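Structure first, commentary second.
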Amino acid sequence: MSDQDERTTYDVESVQQKWQQVWEKLDHFRADDDSPRDKRYALTMFPYPSGDLHMGHAEVFALHDVIARYWWQRGYEVLNPMGFDSFGLPAENAAIKNDEHPAVYTYGNIETSIASCRNYATSFDWSRSFNTSDPSYYKWTQWLFLKFMERGLAYRKNSPVNWCPADQTVLANEQVVDGHCERCGAEVTKRELTQWYFRITEYADELLADLDTLAPTWPDRVITAQRNWIGKSEGAHVDFDMSNGQRVTVYTTRPDTLWGATFMVVAADSKLATELVTPDRSAELAAYVAEVRKASDIDRLATDRPKTGVDLGVTATNPVTGEQLPVWASDYVLADYGTGAIMAVPAHDQRDLDFAREMRLPVRMVVDTGAEDPAVSFVATTGHGTYVNSGPLDGLTDKATGVHRAIEVLEAAQHGKGAVNFRLRDWLLSRQRYWGAPIPVIHCPVDGEVPVPEDQLPVLLPELKGADLKPKGTSPLGAAREWVETTCPTCGGPAERDTDTMDTFVDSSWYMFRYCSPHDDTQAFDSAKVNEWMPCDIYIGGVEHAVLHLLYARFFTKVLADMGLVDFREPFAAQLNQGFVINHGKKMSKSLGNGVRLGDQLAEFGVDAIRLTLVFAGPPEDDIDWANMSPDGSLRFLQRAWRLSGDVTSEPGADVTTGDLALRRVTARTVHDATELVEGYRFNVLVARVMELVNATRKAIDSGCGPADPAVREAVEAVAILLSLVAPYTAEEMWERLGHEPSVARAGWPAVDEALLVEESVTAVVQVQGKVRARLEVAPDISEVDLEAAALADEAVVRALEGKTVRKVIVRAPKLVNIVAG
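Be aware that the sequence shown starts at 48, since it is given in the numbering used here, and climbs by one per residue.
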């Protein structure tokens with residue numbers, strides 16, 4: 048049969064339309080909170096509604112659906128919800144361009160996305176759907192903000208922040224990638240602003256420690272990314288007395304090198320620099336800071352960047368040597384690292400050494416590693432060695448001992464103490480844009496920052512659109528004066544609303560809880576239901592969220608646990624990352640001309656063929672190059688499987704024990720292995736095994752087994768159920784042709800007769816002098832004695848040994864006998 052003939056046997060479009068209508072009536076993926084069955088929570092990272100689904104959505108939804116549908120087949124009650132992360136800049140920018148309200152763009156795209164998801168046959172429970180821009184949702188986002196505020200975890204402060212000049216808003220550290228805005232790609236600068244923060248650093252220790260419990264079920268690269276971002280380090284706080292009477296504390300991981308500190312460096316754009324600079328140098332510092340703020344943090348930390356700075360005109364006393372150290376301001380120290388000041392040990396830090404060389408500052412080696420003196424080579428040494436020029440540390444060779452001894456010296460002199468520091472910084476959450484949840488705080492000239500009373504939530508967004516939304520360096524909400532001007536809930540006097548909105552990562556840090564009781568208007572979520580369903584048994588999404596979203600969601604969960612709202616401290620028990628769908632080795636891009644439209648692929652090959660192709664392409668975490676894929680081949684395979692269902696002539700419920708034993712063994716082994724393959728996320732191998740079963744069934748029919756044999760029905764029913772995880776339309780059509788009522792998705796996992804998994808015989812290879820002389824069919828449990836006797840009695844072996852003496856027989860039952868003769 049030709050490929051064209053194969054296609055015409057199965058009308059993909061009509062089959063899809065038919066089953067969409069049936070499934071909508073059945074609503075067979077609606078999760079029942081009160082079900083007595085064991086519960087499973089399958090969650091995929093909910094999408095931003097930027098338009099129709101794309102190839103990335105198609106991949107993650109296909110992979111996710113394998114697990115969710117498998118759990119239904121295994122008899123679990125499965126919560127598999129879907130909603131939309133609908134606040135954010137893309138909708139706002141589109142609204143500005145089209146002179147409309149962001150909701151028009153957002154909710155129109157949501158309708159399109161839902162229709163596409165239904166067409167794609169995802170097993171989502173749409174009865175639980177919501178959008179983060181719904182007032183009924185962001186009311187509770189605001190409520191949670193106020194609860195964090197009550198606990199001292201939400202606060203406002205003035206500090207240098209990351210500023211995106213294109214989007215005209217601040218960014219969290221995690222949203223700056225290689226010095227550029229993670230969303231739009233614009234180069235990020237620094238601005239001094241008063242902003243809202245979540246005190247995530249309060250949970251730094253626990254966020255780090257709990258990664259150990261997640262490591263067995265989370266991807267290694269995600270665990271590593273989070274560990275690196277939290278960045279725990281142990282060292283000391285060292286106090287330096289300044290010549291102007293101030294005391295400045297510096298954090299260092301190497302207090303043992305303090306004897307080599309020859310100057311100090313303060314972040315040029317920090318408050319500390321302006322406090323320390325002498326009047327005659329303040330103008331020079333101000334001019335320098337103006338230049339510094341044009342560079343990103345990434346650029347400032349680059350090792351090959353020329354070193355510049357301003358001498359602040361003050362000195363600091365080295366607490367262990369008594370020396371007076373010059374204090375400089377420079378851009379290679381960041382204001383939000385530690386106290387914004389470092390002790391510079393140029394002999395053992397290359398950036399300090401480069402700065403010292405540029406400014407003609409002294410270099411003193413205090414760890415002799417055997418390398419040339421850095422003062423001569425201008426190459427800093429960082430390895431282990433013997434302490435020199437280090438007073439009480441001289442002669443020591445162990446770094447840990449040196450650090451411990453240095454801390455003892457500092458603590459005895461009351462000039463420092465041992466300390467732990469983290470790279471993690473508090474989460475900057477306020478944004479100067481419109482399309483987000485308003486921060487529920489009122490600013491009163493008498494009472495200060497006053498929380499909006501809970502009975503006044505939600506604080507609704509005012510109606511703005513088009514030009515009124517254009518970013519101006521401050522939030523566009525500030526121009527909505529009727530909305531801004533209000534009364535203080537405490538004193539009743541005139542006051543103003545906070546005009547910033549929340550980072551959309553706040554919305555997505557708790558949405559998984561809301562799915563458990565999505566329409567409860569009395570509380571953020573029903574704790575009892577959350578504790579029944581959560582933590583999520585599987586969370587599937589892109590590795591690009593390894594730090595941002597996952598870290599924030601983990602933080603929220605720990606706070607909610609401390610509030611007594613949940614009885615667990617990690618939201619996701621297991622996680623799976625999918626790779627990217629690329630084309631010809633490169634990321635799909637309109638500018639590169641290598642984009643692939645999902646809609647076009649679905650129209651040409653059908654949903655099942657695309658899903659099957661994506662799942663079969665390789666392990667879930669690997670990238671998929673669409674140029675190397677064959678959806679046409681997937682369609683041909685589905686046609687072959689579908690035709691099998693039409694060949695079966697036995698009735699449902701036929702006695703399979705009378706069927707062809709060889710085919711039954713293949714079916715049993717396939718179903719048995721499929722369980723392990725799904726649970727091990729080896730979905731591509733699962734598809735390969737189903738293909739093998741289809742081929743074995745066709746071969747059995749064509750070789751005389753016959754379509755009436757119950758073993759054929761058993762095999763084809765197994766194919767339908769296994770295919771339901773990947774190609775639901777084809778599977779449903781097969782199930783109907785086999786005489787069953789819909790839906791195959793709830794048919795139940797095929798039972799396996801364990802006796803069929805036992806091999807009746809295995810092939811034992813017999814070698815004489817290293818050459819194969821015989822192959823024996825023997826029982827799998829044959830003893831070594833019996834196998835040796837059978838080998839020596841074989842006619843071919845007897846002939847090979849004729850005239851020779853058996854010197855040694857090596858037996859590895861049940862598969863090998865090696866005879867050495869001479």
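Where a beta carbon is used, it is the ideal one built from N, C-alpha and C, also for glycine.
Small disclaimer: the values here were computed from a predicted structure and weren't measured.
- Between the stretch 133-149 and the stretch 820-828, the count of Cβ pairs shorter than 8 Å is below three; the stretches do not touch.
- The three-state reading of DSSP puts Leu73 in helix, counting H, G and I together.
- Beta-carbon to beta-carbon, Arg340 and Lys237 are separated by about 4 Å, close enough to satisfy the 8 Å threshold.
- DSSP places Val732 in the uninterrupted alpha helix (DSSP H) bounded by Phe730 to Ala747.
- Nearest in C-alpha terms to Val62, of all of Glu783, Ile270 and Asp146, is Glu783.
- In this structure, the CA atom of Glu239 is about 13 Å from the CA atom of Cys211.
- Taking a cut-off of 8 Å for Cβ pairs, the stretch 751-760 and the stretch 722-734 do not touch, as fewer than three such pairs fall below it.
- Ranked by Cα distance from Trp243, the first of Pro789, Tyr379, Leu323 and Ser206 is Ser206.
- Under DSSP, Lys464 takes part in a beta bridge, and its partners are His284.
- Here Thr714 carries a helix assignment [DSSP, helix/strand/coil].
- Comparing C-alpha distances from Ala860 to each of Tyr95, Glu835, Phe602 and Lys517 shows the shortest one belongs to Glu835.
- Taking the Cα of Arg246 as reference, the smallest distance to any Cα among Gln461, Leu261 and Leu200 is reached at Leu200.
- The stretch 311-319 and the stretch 375-383 touch, with no fewer than 3 CB-CB distances between them shorter than 8 Å.
- Between Gly307 and Val413, the gap from beta carbon to beta carbon is short of 7 Å.
- In the structure shown, Thr428 falls within a coil segment according to DSSP collapsed to helix, strand and coil.
- Here Ser830 is exposed, its C-beta having fewer than 16 other C-beta atoms within 10 Å.
- DSSP, read as helix, strand or coil, puts Gly442 in coil.
- With a threshold of 16 other beta carbon atoms within 10 Å, Gln293 falls short and is exposed.
- Taking the Cβ atoms as the reference, Val506 lies roughly 13 Å from Val497, outside the contact range of under 8 Å.
- As DSSP reads the structure, Tyr298 sits in a beta bridge with His284.
- Taking the Cβ atoms as the reference, Asp303 lies roughly 4 Å from Gly449, within the contact range of under 8 Å.
- Going by beta carbons, Asn178 and Phe131 fall inside the 7 Å limit.
- With the rule of 3 Cβ pairs closer than 8 Å, the stretch 567-578 does not count as touching the stretch 523-540.
- Shown here, Trp210 sits in a strand according to DSSP, grouped into three states.
- DSSP places Met581 in the coil class of the three-state scheme, outside both helix and strand.
- Membership of His104 in the alpha helix (DSSP H) is indicated by the continuous run Met102 to Gln120.
- Of all alpha-carbon atoms in Gln816, Val695 and Asp833, the one lying nearest the alpha-carbon of Val867 is that of Gln816.
- Remark: C-beta atoms of Ala363 and Leu400 do not approach each other more closely than 7 Å.
- For Gly360, the enclosing beta strand (DSSP E) starts and ends at Gly356 to Thr364.
- Under the 8 Å Cβ criterion, the stretch 658-675 does not count as touching the stretch 757-764, having fewer than three qualifying pairs.
- Boundaries of the beta strand (DSSP E) around Cys491: Val488 to Cys491.
- Annotated as proximal: Gly387 and Ala314, with beta-carbon spacing under 7 Å.
- Secondary structure remark: continuous beta strand (DSSP E) runs of at least 3 residues inside the stretch 481-540, in chain order: 488-491, 495-498 and 532-534.
- Beyond the five residues adjoining it in sequence on each side, Tyr88 comes within less than 7 Å, by CB distance, of Leu126, Trp580, Met581, Cys583 and Asp584 in the same chain, given in chain order.
- Shown here for Pro487: same chain residues with a beta carbon closer than 7 Å to its own, the five before and five after excluded, namely Gln189, Phe192, Leu193, Pro498, Val499, Leu504 and Val506 in chain order.
- By alpha-carbon distance to Thr248, the top candidate from Arg793, Asp473 and Ala333 is Asp473.
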